[in-house]
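Only one structure is covered here, and it is reproduced in the block below.
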Amino acid sequence: MSPAPDNFDALRRLLAWKRHEQPPPGYFLDFADRVRARIEATEAEEAGPWWQRFFAGLDLKPVLAGAFGLAVMGMYFFGLSLAHSGGEPLARAEVPPAVPLYLATQASMGPLGAERPYPSLAYGAMPIAASSVHPVLQVGPPPGLFRPGSGLHSGALQRAGFDLDNN
Amino acid sequence: MIATLDSKPTRATPVETPADDQVLVRRAQRGDSAAFDTLVRRYQERIYSTIYHMTSNHEDANDLAQEAFIKAHQALKSFKGDSSFFTWLYRIAVNKTINFLKQRKNRTHMSLDDLDFNAEHDPDLVSLISERTPRREVNLAELQERLNAAMQKLSEDHRLVVTLHDVQGLPHDEISRIMDCNVGTVRSRLFYARQQLQAYLSDYLK
Numbered sequence: 021m022s023p024a025p026d027n028f029d030a031l032r033r034l035l036a037w038k039r040h041e042q043p044p045p046g047y048f049l050d051f052a053d054r055v056r057a058r059i060e061a062t063e064a065e066e067a068g069p070w071w072q073r074f075f076a077g078l079d080l081k082p083v084l085a086g087a088f089g090l091a092v093m094g095m096y097f098f099g100l101s102l103a104h105s106g107g108e109p110l111a112r113a114e115v116p117p118a119v120p121l122y123l124a125t126q127a128s129m130g131p132l133g134a135e136r137p138y139p140s141l142a143y144g145a146m147p148i149a150a151s152s153v154h155p156v157l158q159v160g161p162p163p164g165l166f167r168p169g170s171g172l173h174s175g176a177l178q179r180a181g182f183d184l185d186n187n
Numbered sequence: 303m304i305a306t307l308d309s310k311p312t313r314a315t316p317v318e319t320p321a322d323d324q325v326l327v328r329r330a331q332r333g334d335s336a337a338f339d340t341l342v343r344r345y346q347e348r349i350y351s352t353i354y355h356m357t358s359n360h361e362d363a364n365d366l367a368q369e370a371f372i373k374a375h376q377a378l379k380s381f382k383g384d385s386s387f388f389t390w391l392y393r394i395a396v397n398k399t400i401n402f403l404k405q406r407k408n409r410t411h412m413s414l415d416d417l418d419f420n421a422e423h424d425p426d427l428v429s430l431i432s433e434r435t436p437r438r439e440v441n442l443a444e445l446q447e448r449l450n451a452a453m454q455k456l457s458e459d460h461r462l463v464v465t466l467h468d469v470q471g472l473p474h475d476e477i478s479r480i481m482d483c484n485v486g487t488v489r490s491r492l493f494y495a496r497q498q499l500q501a502y503l504s505d506y507l508k
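Chains as they are written, first to last, in my numbering: chain A, 21 to 187; chain B, 303 to 508.
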C-alpha cells in the first residue's frame, strides 16, 4: 500500500518546533572533553591488572557478582565442614611443634653449626605437645627475675619501708 | 533555524564534505585523539538531539550520546568506509538508543530540555496557534509536554523516522541507510507515524 498524499503541514510545523528544545547553555562546550575522559578511563581500566578488571566486571554484571558471592560462601562452608571433620588430627600429627626463637636458634646451630631437624631442649624441660590450644612449646620458667642471683634475688634489693620513730 | 513547509528537509544533512570526515577518520584510526575529538565536536549536537527526541529525557540522552561516541571510538578500527562516517555513527547511536528504550519499556520519565529564546517567537508556531488552535492562550511548556508525550506513544521505529525526518531534517534515503531498510519502508513508517501523531495532537491541529 502506498501512502496517500499527506496533509500533515501543521503537524510538521509543530514537530519542527521541537528543534527549539535545547540542553542547558554551554552543554556542548565540554562534551568532547567528557567523552575523551570516559574513553581514557575505559582504556585505563582495560589496561589494569586482571583482578581490577575482574572486580570492575562485577560492578557491571550483578549476576556475575552474585555467582562470585555464592562461590566464596561455598568455599567457606566447605572449609568449615573440613575443619569439623578432620581438622584437629591434622594439627596434632603434621604441624611441627613451635619453639621459642632463642631455643630454636641455639639448637639448630649445634656445636659446629650443623643444622638439626629438630631442636634439642635446654634446661631439661619436657615439652608439652603442641596443638591448637597450646600452639607454643612450654619449656619451664624462663631465666629472669626470680632465679637466684639475678633480678630481685641479687642482694641489691633495699626495703621500701622506713621507721618513723628515728626521724 | 525554523522549518519551512517545503517537502525538502532543511536541516541536519551532513554539511561537511566526505573527504574531511575520511581524513579525520584515518587519522583517528592511527591513534590521533585530536582528530577523533574533532569528529565528536562535529556531530555531537546532531547525535545528542536525535537521542533526546527519541527518549524525551536529557540525562538519558547525555549518557547515550557519550556512550555512542565511546562505542564509535572502540569500533573505529573496524570502520572500512563502506558508508559515510556520519551514517555509521548514526547507526551506532540509533541502535544504542533503541536497545535502551526496549529495556526501559513502560518506564518513561520525561526530563525535557528548555526551549530556547526563539521558540516563543517562532512565526510558524505563532501563526499555527493563532489560526488553528481553539486555545488562544496556549501554554508553551504544556505544548512541549504534549508533543513529547505524543512522540513517546509511537513505537521506536516510527518515532525514529519522525525524529530523523521531521525534526532533524534528514532525507529519506539517508534515513533508509541509517535504519538499514528501503526507502519505501521509511515513507510508509513516516506516514503511519504522522497519522498517529495527528490523532494524539488533534487539540492543537484543528
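Idealized CB from N, CA, C, for every residue including glycine.
Next on the checklist: Using 8 Å for Cβ pairs, my map puts Leu456 of chain B next to Ala495 of chain B. What's the rounded Cβ distance?
Outcome noted: Indeed they touch by this definition, with Cβ atoms about 5 Å apart.
Next on the checklist: Please confirm whether Leu31 of chain A has its beta-carbon closer than 8 Å to some beta-carbon of chain B.
Outcome noted: So, interface residue.
Checklist entry - Taking three-plus beta-carbon pairs below 8 Å as touching, is the region 337-346 of chain B in contact with the region 38-56 of chain A? => result In the pairwise beta carbon analysis, the region 337-346 of chain B is classified as touching the region 38-56 of chain A: at least three pairs are separated by under 8 Å.
Checklist entry - Nearest chain A C-beta to Phe371 of chain B closer than 8 Å, yes or no? => result Phe371 of chain B belongs to the set of residues whose beta carbon lies under 8 Å from a beta carbon in chain A.
Next on the checklist: Can you pull the chain B neighbours of Gln42 of chain A, defined as C-beta to C-beta under 8 Å?
Outcome noted: Going along chain B in sequence order, the residues near Gln42 of chain A (Cβ under 8 Å) are Asp415, Asp416, Leu417, Asp418.
Next on the checklist: Can you look up Leu417 of chain B in the DSSP assignment and give me helix, strand or coil?
Outcome noted: In the structure shown, the three-state DSSP call for Leu417 of chain B is strand.
Next on the checklist: Rounding to the nearest angstrom, what Cα-Cα distance links Asn450 of chain B and Met95 of chain A in this structure?
Outcome noted: When rounded, the separation of the alpha-carbon atoms in Asn450 of chain B and Met95 of chain A is 53 Å.
Checklist entry - Going by other Cβ atoms of all chains shown within 10 Å of its Cβ, with 16 needed for buried, is Gly471 of chain B buried or exposed? => result Counting Cβ neighbours within 10 Å, Gly471 of chain B comes out buried, since at least 16 surround it.
Checklist entry - Are the C-beta of Pro69 of chain A and some C-beta of chain B separated by less than 8 Å? => result For Pro69 of chain A, the answer is no, since every Cβ of chain B falls outside 8 Å of its Cβ.
Item to check | DSSP-derived helix/strand/coil call for Asn27 of chain A | outcome: Coil, per DSSP.
Checklist entry - So Trp390 of chain B packs on Phe402 of chain B, CB below 8 Å; how close in whole Å? => result Contact between Trp390 of chain B and Phe402 of chain B does not hold, since the beta-carbon distance rounds to 19 Å and is not under 8 Å.
Item to check | Where Asn359 of chain B sits in the DSSP three-state scheme | outcome: Asn359 of chain B: strand per DSSP, three-state reduction.
Checklist entry - Using CA coordinates, which residue listed in B:Ile353, B:Tyr354, B:Lys379, B:Glu347 is at the minimum distance from Arg332 of chain B? => result For Arg332 of chain B, the closest of B:Ile353, B:Tyr354, B:Lys379, B:Glu347 by C-alpha to C-alpha distance is B:Lys379.
Checklist entry - How long is the line joining the alpha carbons of Gly383 of chain B and Tyr354 of chain B, rounded to whole angstroms? => result The straight-line gap from Cα to Cα measures roughly 27 Å.
Checklist entry - When you compare only the Cα positions, how much space is there between His423 of chain B and Leu442 of chain B? => result Take the alpha-carbon of His423 of chain B and the one of Leu442 of chain B: they are about 11 Å apart.
Checklist entry - Which one of A:Glu65, A:Gln42, A:Leu31, A:Trp37 has the shortest CA to CA distance from Pro425 of chain B? => result From the listed residues A:Glu65, A:Gln42, A:Leu31, A:Trp37, the smallest Cα separation to Pro425 of chain B is found for A:Trp37.
Checklist entry - Nearest-angstrom Cα distance between Leu466 of chain B and Ile477 of chain B? => result Roughly 7 Å separates the two Cα atoms.
Next on the checklist: What does the Cβ neighbour count give for Arg278 of chain B, buried or exposed, with the cut at 16 atoms within 10 Å?
Outcome noted: Outside the shown range of chain B, which is 303 to 508, sits residue 278 of chain B, and nothing can be said about it.
Item to check | Distance between beta carbons of Val485 of chain B and Asp475 of chain B, contact taken as under 8 Å | outcome: About 6 Å separates the beta carbons of Asp475 of chain B and Val485 of chain B, which is inside the 8 Å limit, making them a contact pair.
Checklist entry - Would you say Asp424 of chain B faces chain A, with C-beta separation under 8 Å as the test? => result Using a CB distance cut-off of 8 Å, Asp424 of chain B counts as an interface residue toward chain A.
Next on the checklist: Just list the residues that DSSP pairs Glu66 of chain A with in beta bridges.
Outcome noted: DSSP output for Glu66 of chain A lists no bridge partner at all.
Checklist entry - Residue range of the alpha helix (DSSP H) that Arg496 of chain B falls in? => result Residues 485-502.
Checklist entry - Assuming Ser458 of chain B contacts Ile400 of chain B under a Cβ cut-off of 8 Å, what Cβ separation, rounded to an integer in Å, is found between them? => result In the sequence under discussion, the amino acid at residue 458 of chain B is Glu, which differs from the Ser named in the question. Contact holds; Cβ gap of about 5 Å.
Checklist entry - Is the CB-CB distance between His460 of chain B and Gln498 of chain B below 8 Å? => result Cβ distance < 8 Å, so His460 of chain B and Gln498 of chain B count as in contact.
Item to check | Where Gln470 of chain B falls: helix, strand or coil (DSSP) | outcome: If DSSP states are grouped into helix, strand and coil, Gln470 of chain B belongs with coil.
Checklist entry - Is it buried or exposed for Ala330 of chain B, if we count other Cβ within 10 angstroms and need 16 for buried? => result Classification of Ala330 of chain B: buried, given that the 10 Å Cβ count is 16 or more.
Checklist entry - So, is the C-beta of Tyr392 of chain B closer than 8 Å to a C-beta in chain A? => result With respect to chain A, the C-beta atom of Tyr392 of chain B has no partner C-beta closer than 8 Å.
Checklist entry - So, are the CB atoms of Ser358 of chain B and Met453 of chain B less than 8 Å apart? => result Met453 of chain B is positioned such that its CB atom lies closer than 8 Å to that of Ser358 of chain B.
Next on the checklist: On the CB-based measure, 16 or more other CB atoms within 10 Å of its CB, does Leu84 of chain A come out buried or exposed?
Outcome noted: In this structure Leu84 of chain A is exposed. Its beta-carbon is surrounded by fewer than 16 other beta-carbon atoms within 10 angstroms.
Item to check | Exposed unless 16 or more other CB atoms sit within 10 angstroms - verdict on His40 of chain A | outcome: When all chains shown are included, His40 of chain A counts as buried.
Checklist entry - How about Phe388 of chain B and Asp468 of chain B: do their beta carbons lie closer than 8 Å? => result Cβ atoms of Phe388 of chain B and Asp468 of chain B: not closer than 8 Å.
Checklist entry - Among residues of its own chain, excluding the 5 on either side of Val327 of chain B, which ones have a beta-carbon nearer than 8 Å to its beta-carbon? => result The answer, listed in chain order, is Ala337, Leu341, Leu378, Phe381, Gly383, Phe387.
Checklist entry - Buried or exposed: which applies to Asp334 of chain B, given that a residue is buried once 16 or more other Cβ atoms fall within 10 Å of its Cβ? => result Counting Cβ neighbours within 10 Å, Asp334 of chain B comes out exposed, since fewer than 16 surround it.
Checklist entry - Can you tell me the Cα-Cα spacing of Tyr47 of chain A and Pro82 of chain A, whole angstroms? => result Approximately 32 Å between the Cα atoms of the pair.
Checklist entry - Any C-beta of chain A sitting closer than 8 Å to the C-beta of Val334 of chain B? => result The question names Val, but residue 334 of chain B in the sequence shown is Asp. No, Asp334 of chain B does not count as interfacial toward chain A.
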